[in-house]
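Participant: Numbering (the numbering used here), first residue to last: -19 to 114. Heads up, the beta-carbon is just placed ideally off N, CA and C, and yes, glycines get one too. For clarity, every value in this text was computed on a predicted model and none was experimentally measured.
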Ligand SMILES: [Zn+2]
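(1) Pairing CB atoms from the region 51 to 62 with CB atoms from the region 89 to 100, are three or more of them under 8 Å?
(2) In chain order, what residues of the same chain lie with their CB nearer than 7 Å to the CB of residue 3, ignoring the 5 residues before and after it?
(3) Taking C-alpha atoms, which residue in 52, 82, 46 lies nearest to residue 166?
(4) Taking the alpha-carbon positions, what's the residue -5 to residue 84 distance?
(5) Buried or exposed: which applies to residue 62, given that a residue is buried once 16 or more other Cβ atoms fall within 10 Å of its Cβ?
(6) Rounded to whole angstroms, what's the CA-CA distance from residue 67 to residue 6? Just pull it up for me.
(7) Can you tell me the Cα-Cα spacing of residue 72 and residue 35, whole angstroms?
(8) Who sits around ligand 3, taking every residue whose Cβ is closer than 6 Å to one of its heavy atoms?
(9) Measuring alpha carbon to alpha carbon, tell me which of -17, 27, 42, 52 ends up nearest residue 15.
(10) Can you check DSSP and say which residues form a bridge with residue 50?
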């Protein structure tokens, strides 16, 4: 994604542009992918960036809150940032720590519970935990 695409996304999601936010967005929004904060920090360090860890965490929290990226909690202490923001399903490999998308058409529900009175289903997202090399 080009810098001008990112800037228009920032504008659309009401995110003030700073050099640090641009650096984080350029890595995470480069392609459809899932990254942990630590993976993003590693990439920034490899690229010679001096953005602090705290700034990266704050930036990711802001991105998640505004919806420019999607937060995927795989367990209470592991969170991924997903550049694909529409509701979708995942495999999470507990052995390798890899999070992978499941194509929408591969998940079918034969029955769902009735929604509580006065509410509608907004989205259904499945996380399937797997083990092994997969
Ligand atoms: Zn995903």
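Facilitator: Well, looking at it:
(1) no
(2) Looking up residue 3 in the chain shown gives position 23. The residues are 24, 29, 31.
(3) Here the chain comprises residues numbered -19 to 114, so residue 166 is not present and cannot be evaluated.
(4) Working through the chain shown from its first residue, we reach residue -5 at position 15. Working through the chain shown from its first residue, we reach residue 84 at position 104. Taking the straight line from one Cα to the other gives about 30 Å.
(5) For the purposes of this step, residue 62 is taken as residue 82 along the chain shown, with counting starting at 1. Buried, because 16 or more other Cβ atoms sit within 10 Å of the Cβ of residue 62.
(6) Taking the chain shown and counting its residues from 1, the one referred to as residue 67 is at position 87. Taking the chain shown and counting its residues from 1, the one referred to as residue 6 is at position 26. Between residue 67 and residue 6, the C-alpha separation is close to 22 Å.
(7) If you number the chain shown from 1, residue 72 lands on position 92. If you number the chain shown from 1, residue 35 lands on position 55. Cα-Cα distance, rounded: 27 Å.
(8) Here the bound small molecules are ligand 1; ligand 3 is not part of this structure.
(9) By 1-based counting over the chain shown, the position of residue 15 is 35. If we check each option's Cα against that of residue 15, 52 comes out closest.
(10) As a first step, residue 50 must be located in the chain shown, where it is residue number 70. In DSSP, residue 50 forms a bridge with 62.
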